[in-house]
Every structure is written in structure tokens, then in C-alpha cells.
Ligand SMILES: Cc1cc2nc3c(=O)[nH]c(=O)nc-3n(C[C@H](O)[C@H](O)[C@H](O)COP(=O)(O)OP(=O)(O)OC[C@H]3O[C@@H](n4cnc5c(N)ncnc54)[C@H](O)[C@@H]3O)c2cc1C
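Protein chains in written order, with the numbering used here: chain D, 1088 to 1489; chain V, 538 to 614.
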């Protein structure tokens, strides 16, 4: 039992922490990551608006994953191309096959731009380094007109990011004196701006005040680069000069090809215990799962704690009992130096405070502190977050009073 | 009673799961097909008919069942 080997697929936010927590308790862990780099993706949001970030060298906002891992974790750099859970083996491209006793799947998401006709030719996004840099260039030569920002398929990573981007774009264009020459459109597939009603109710009036036009029930069907319009399944059409569409998301090819995913490639996962449904010794966490919570680093972090706890319990012959509570918590930028916080779990919907400056600085601080805390699980994120939340609601009262 | 060409069981899924499941099914269906969504999320009986109306499809009806709703839509275009 002590010799049992755990293989973790994916060295992102969730996989790195799960590997560290297990290794620290003496478990033999091998982590496989296709790039060998661990990327802090939230920084992509800021990239289109700044030319201060130098390009060239390694991937941006990234560190080598083995530098973040406990020294006892063995790291393999290579893409997992197949998973044969019955045989207890993962196939690594150019690396042969890797046997395991327990498997943790944390490979995140993949993007499928070809699901929308015309997307590749015309649409920008900020969900990868390359795309965010392209968008930065397009924005630098933008002189006014119609900007369209849209959510395509649900789910996608970091649900508030498109709204944050839109509000930051509004602030950016105001700074450049281009706002009066620009119409900003926000496309939502839902009857409101955001999936969660409470958040929608807070953000919709802010968008209205900033003159952003919300198009609801807009399920993007195709982009027509010739006519410069984006069309919806519902039969609507919106013109664009600059088009920013969140790329359609789905599970990674390795999961899809192994038959472990649902139709979109998400892994069916027990909401609390995080075991892959219908399998033993197989756990999943983070963006790769079908859990009904935001695909966020924060959720992956809390889930990693539960996965590690449950595997340790099972190895010791106990019943796994570490339940993930559905906890999610995100700072969300609203532009003009302010931010809010969205915090909820399976039982409690969020009550986001009115955006304030403290939360904006907290988000920026977190973007730096991330490296020293999250991959190691060193600072209990839960405690920090609850403190910020309390401070946030004080800020709200102060503002409302004025 | 109208017979459904396809039943989408979205019980246990939260908003916007059932609506997104229906939209996916509408994309795959033929004109005239009847789609039936089973949803235990209380927002669905408001959001799904509103979406169908906006998208130009026919809302055949919303039928409350034990612990869930049956929402029937005909793809009209
Ligand atoms: C623009 C943007 C803003 C965001 N803002 C926030 C925010 O403010 N707050 C927040 O909490 N979250 C935010 N997120 C989301 C957050 O980055 C992700 O939810 C989080 O990284 C998920 O962690 P994960 O471990 O599931 O997957 P990831 O961190 O994506 O890691 C997956 C890893 O698996 C590897 N991999 C994939 N396939 C294979 C394979 N076949 N074989 C081997 N390795 C593989 C990848 O290389 C990657 O290293 C944001 C994301 C974006 C894009």
C-alpha cells in the first residue's frame, strides 16, 4: 500500500496542489504535464491593455512546474494521449506508458474555435497568451466603431472574465478619448448578462451607466467576416469592427479519446467526493470536470484539498469523507480601479458587494502572491478570502452612505 | 398529448444547464421536431419559454410534475 503510485495528469492550479499535498504525506506521486510550465492564467485579462509586459523568452506568467512541486514528486513532461483505467496506465506521447494505482485527472480545458463558423478568421479572445497579444495589437490600432464582446458556449473558464474585460475596455477607451466614437456590445446566451442572477443584478446597472449595450439570448451561430456581423441562433445580427468572443470550451482530447468524458468532454464527477462516477481509484478536479460550479482556479484549489484527503483516506482503508462544498470565490474587476468579489457554494448564492478600490488592490496583490501560496497550499486561501469579503462589504456600506 | 421526438433530462442540473441543453438539442433537431426538457430548476419554466419565444419556436406547454417541470418546445424554423 505504501508503494502505491499516484499519477496526476496536469500541472496547473489543481494538479500541482494535489500532487504536493499527497507527496507531503509520503505518497509516491508522478505528475505529467504536456508543457512542463505552470501558467497563472488570470493575468491574460490585463494583457490586451498594457504594453508593459515584455514578450519573448518562455511563456508569460509562467514558472516551471517542477520548481513549484515538492522535491519528492517525479515530473514527466509530455502530453498524455490515452488513459486506460482498467489496465492502470496512461499513454504519454514519446514517453511510453506510465503505470499507476490511483489516477488524478486535472488537465483543464481545451478550446474549439471551429464550432463557430468564421471564428478563426474574425474573432479575437484573451484566453491564451497568443490570442491576448493579437488582441492587444488589434486594440492598439482601433480608432472607434462597434466593439462586440461575447460569451459563446457555457461553460467556459472564469465566468466573470468577459464582463471584467468589457468594463476594463470601457475604461481603457475612455482614457484614450475613444469612448465617444465607440459602441460597446455585450452578447450573452442567457436572458441576462451573467449566469448567476445576483451577480447579474449588480452588474447590469453598472453596464448601463457606462453605456454598454447588453444583447441577451444571443447564442452565437456564425461570424461573417465579409459583412462584419456576428449572427445568432435566435436570428439576430450585431455589427462589429472589433470582435472578441470567448472561444467554445470543451474537455481535452486525451479525456475525449479515452471515453471518460461526456459529450463535451467534461469528466462526470461526484459533486462532493470528486470521484469519477462509475470508477474506483480515479479522481478528477478543476476545469476538466462536469461540476456545476465556475471553472476557476479557486475551485480547483479547494477541490485539490478534498481529492488529496480522500485518496489518503482510501489508502488507509477508510471511507473517503472530505467533501468539496462547491466553494468558489473570485475577485472581479469592474474597471476604473475597482473590483468586487463573487463568493458562493452549493448551498449559498453570492451577494457581491458594490465594486470598490480595496478589492481591486486585493486582486492585484493576489496576482503576485499566487506563486507563493496556492501551488503549495501554504496560506489557507479560505481565510484570506473571508477576510477580504468582510472588508468588501464594509466598503460597500461606506459608498452607499455617500 | 404531443409526442416528443427527443426528451432532454436535465433534472439535477442548475441554471443555465437545462436551457443550454435545450439550445444544443435545437441546433441538432430538424424543423418541426418536438423537444421536451425535464428540469428541476425553478428558473427553467421562466427562462426556457422566454428563450423559445425570442428564437421563434413554439412553446407547446409547461407541465408541472412531481418535483420537476416538463417543458415542451417545437422547433419552428
Ligand atoms: C483570462 C482568464 C482569467 C481567469 N481569471 C481567474 C480568476 O480571476 N480567478 C480564478 O480563480 N480563476 C481564473 N481563471 C481560471 C483559472 O485559470 C482556471 O480555472 C484554473 O487554472 C483551472 O485549474 P486546473 O488545474 O483545472 O487547470 P489548468 O490550470 O488549466 O491546468 C491544466 C494543465 O494540464 C496540462 N494538460 C492539459 N492536457 C494535458 C495532457 N493531455 N497531458 C498532460 N498535461 C496536460 C496543461 O498543460 C496545464 O498545465 C482565469 C482564466 C482565464 C483564461
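Quick reminder that beta carbons are idealized off the backbone N, C-alpha and C, glycines included.
| Item | Value |
| --- | --- |
| Residue 1198 of chain D: CB within 7 Å of a non-hydrogen atom of ligand 1 | no |
| Cutoff 8 Å: residue 1321 of chain D Cβ touching any chain V Cβ | yes |
| With 16 other Cβ atoms within 10 Å as the buried cut-off, status of residue 1193 of chain D | buried |
| Presumed contact (8 Å Cβ cut-off) between residue 1097 of chain D and residue 1164 of chain D, rounded CB distance | Rounded, the Cβ-Cβ distance is 12 Å, inconsistent with contact. |
| Residue-level contact to chain D via CB, residue 564 of chain V, 8 Å cutoff | yes |
| Where residue 547 of chain V meets chain D, residues with beta-carbon distance less than 7 Å | What residue 547 of chain V touches in chain D: nothing, since even the nearest Cβ is about 11 Å away. |
| Contacts of residue 560 of chain V in chain C (Cβ-Cβ under 8 Å) | Given the protein chain composition of this structure (D and V), no chain C is represented. |
| Residue 1132 of chain D Cβ short of 7 Å to ligand 1 heavy atom set | yes |
| Residue 1269 of chain D CB to nearest heavy atom of ligand 1 below 7 Å | no |
| Per-residue DSSP class, three states only, for residue 1475 of chain D | Reliability fails at residue 1475 of chain D, whose pLDDT of 48 lies under 50, so the model's placement of it is uncertain and no value is given. |
| Chain-ordered neighbours of residue 1282 of chain D on chain V, where CB pairs are closer than 8 Å | 552, 553 |
| Cross-chain neighbours of residue 1203 of chain D in chain V, by beta carbon under 8 Å | None at all; the shortest Cβ gap to chain V is about 12 Å. |
| DSSP state of residue 1272 of chain D mapped onto helix, strand, coil | strand |
| Continuous beta strand (DSSP E) assignments of at least 3 residues falling wholly in the region 1108-1167 of chain D | 1115-1120, 1124-1126, 1149-1151, 1161-1164 |
| Contact under 8 Å by Cβ, residue 1393 of chain D with residue 1411 of chain D | yes |
| At least 3 beta-carbon pairs within less than 8 Å: the region 1414-1421 of chain D vs the region 1357-1367 of chain D | no |
| Interface partners of residue 1379 of chain D on chain V, CB under 8 Å | 550, 551, 554 |
| Any non-hydrogen atom of ligand 1 closer than 7 Å to residue 1214 of chain D Cβ | yes |
| Neighbouring residues, chain V, relative to residue 1241 of chain D (Cβ below 7 Å) | 553, 557 |
| Residue interval of the alpha helix (DSSP H) (run including residue 575 of chain V) | Unbroken run through residue 575 of chain V is the beta strand (DSSP E), 571-576; no alpha helix (DSSP H). |
| Beta carbon of residue 1446 of chain D nearer than 8 Å to that of residue 1426 of chain D | yes |
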